[in-house]
Amino acid sequence: QVQFVESGGGLVQPGGSLRLSCAVSGINISTYVMSWYRQSPGKQREWVAGIPRAGTPSIAGPVFGRFWASRDNAKNTVYLQMTSLKPEDTAAYYCNMPARPDSWGQGTQVTISS
Numbered sequence: 100q101v102q103f104v105e106s107g108g109g110l111v112q113p114g115g116s117l118r119l120s121c122a123v124s125g126i127n128i129s130t131y132v133m134s135w136y137r138q139s140p141g142k143q144r145e146w147v148a149g150i151p152r153a154g155t156p157s158i159a160g161p162v163f164g165r166f167w168a169s170r171d172n173a174k175n176t177v178y179l180q181m182t183s184l185k186p187e188d189t190a191a192y193y194c195n196m197p198a199r200p201d202s203w204g205q206g207t208q209v210t211i212s213s
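Under this note's numbering, read the sequence shown as residues 100 to 213, first letter to last.
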């Protein structure tokens with residue numbers, strides 16, 4: 100059974116930075132594409148970034164140039180580095196494996212507020 104445990108969220112002022120982590124268990128992520136999503140109250144879950152097995156990650160337009168995604172296969176963990184945070188980035192953030200679309204973790208809450 101694949102499990103995702105997201106961490107690293109918190110309350111940050113606008114313009115601040117956070118680094119989210121997602122530890123994966125139950126599967127070796129090295130051969131799988133990974134993704135980050137976010138969801139705000141009352142809104143649909145939104146794709147944020149895709150991390151290929153190798154090469155440059157794909158970043159969604161609203162966060163392009165501010166967010167970066169990476170992976171550490173040795174730690175079976177993926178990361179989302181977020182900079183220049185804005186109030187509209189406030190959401191619960193989740194990692195996901197497209198090969199296991201029905202498996203989701205609890206997410207980690209990110210709140211951007213002064």
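Think of the CB as a built atom: it goes at the ideal place given N, C-alpha and C, for glycine as much as any other residue.
With DSSP as the reference, identify every bridge partner of residue i, one or two as the case may be.
i: residue 118; result: 180
i: residue 210; result: 110
i: residue 187; result: Paired residues: none, contrary to the question.
Where does residue i fall in DSSP's three states?
i: residue 128; result: helix
i: residue 205; result: coil
i: residue 102; result: strand
With burial defined as no fewer than 16 other Cβ atoms inside 10 Å of the residue's Cβ, what is the status of residue i: buried or exposed?
i: residue 198; result: exposed
i: residue 113; result: exposed
i: residue 134; result: buried
i: residue 200; result: exposed
i: residue 195; result: buried
i: residue 137; result: buried
i: residue 148; result: buried
i: residue 173; result: exposed
i: residue 160; result: exposed
Just reading off the beta strand (DSSP E) that residue i is part of, what are its end residues?
i: residue 191; result: 190 to 195
(request) Would you mind listing the beta strand (DSSP E) stretches within the segment 131 to 177 that are 3+ residues and don't spill past its ends, in chain order? (result) If only uninterrupted beta strand (DSSP E) runs of at least 3 residues are considered, those enclosed by the segment 131 to 177 are 133 to 138, 145 to 150, 166 to 171.
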